[in-house]
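All residue numbers for the sequence shown refer to the numbering used here, where the first residue is -5 and numbers rise by one. Think of the CB as a built atom: it goes at the ideal place given N, C-alpha and C, for glycine as much as any other residue. No experiment lies behind these values; they were computed from the predicted model shown. Worksheet: one structure, shown below.
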Amino acid sequence: MVCVAMVTGQSCVPNCTDYNAGERIPDPKNCRQFYTCLLDGEPSDVSFPCDEGFIFDWNVRDCLDETDPTVVCELCMPTCQFQCPGDGEGTVVADLTYCNKYYVCGTSPDPIPVVCDMGYYFDGGVCQEDPDLCCNSCLAFCYEAFTEVADPTDCTKFYFCREKLSYPLADDIRQCPEGEIFNPPKGHCVAEEGTECHQPCQD
-5 MVCVAMVTGQ
5 SCVPNCTDYN
15 AGERIPDPKN
25 CRQFYTCLLD
35 GEPSDVSFPC
45 DEGFIFDWNV
55 RDCLDETDPT
65 VVCELCMPTC
75 QFQCPGDGEG
85 TVVADLTYCN
95 KYYVCGTSPD
105 PIPVVCDMGY
115 YFDGGVCQED
125 PDLCCNSCLA
135 FCYEAFTEVA
145 DPTDCTKFYF
155 CREKLSYPLA
165 DDIRQCPEGE
175 IFNPPKGHCV
185 AEEGTECHQP
195 CQD
């Protein structure tokens, strides 16, 4: 059994600090991939896949058989949620577009929007004064399996989540039916008319 740990607050960006050119470093969002450090001290622009049936071990810095019980992989976990969980009464989730806005889940059929006081920003848990703690709405993340999460680049698309506590893959992206857009707090496509389009990371 592979040890896959979720580390909240850990950087979701590959980092070559303290590594030499040619050394492999983990992909913080995918245990089956790795990056290679370049001569300029930066990670490669794209990740490289391990062979089928292999996992990148964070300690050995190489791809090992996924059945090896000693394999360790630590995925970064976003500090913010953008979608109400199915049983999340009273849970708060961030707004994809506005850092001073969040939603309260489960207390009514629709999530209730709340705006922080002027000069305050939502950090995933509370309104506070540091704008640098705003939620990163460019990360699509699956908290639960068999749910749908927003594509932050296109409000007419969403990702189908196959596994819990994972990052969706490129082939998990789907298109809403014509005339509908994805509503992040609800976790579903809804009629476009009267619904705000959230595209915080539009290309």
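- M112 counts as exposed, since fewer than 16 other beta carbons sit within 10 angstroms of its beta carbon.
- Relative to the Cα of L32, the nearest Cα in the group R18, C25, R26 and N24 belongs to R18.
- Counting along the chain, no beta strand (DSSP E) covers V40, and no H or E run does either.
- Put simply, of G35, N24, N9 and V7 the residue whose alpha carbon is nearest the alpha carbon of A15 is G35.
- Between the beta-carbon of E83 and that of T101 there is about 6 Å, and that keeps the pair under the 8 Å contact cut.
- Within its own chain, the residues whose Cβ lies closer than 8 Å to the Cβ of E60, once the five positions on either side in sequence are excluded, are V(-4), G47, F48 and I49, listed in chain order.
- Taking the Cβ atoms as the reference, Q77 lies roughly 6 Å from V87, within the contact range of under 8 Å.
- Contact check between the region 158 to 171 and the region 117 to 132: fewer than three CB pairs, one atom from each, fall below 8 Å, which does not count as touching.
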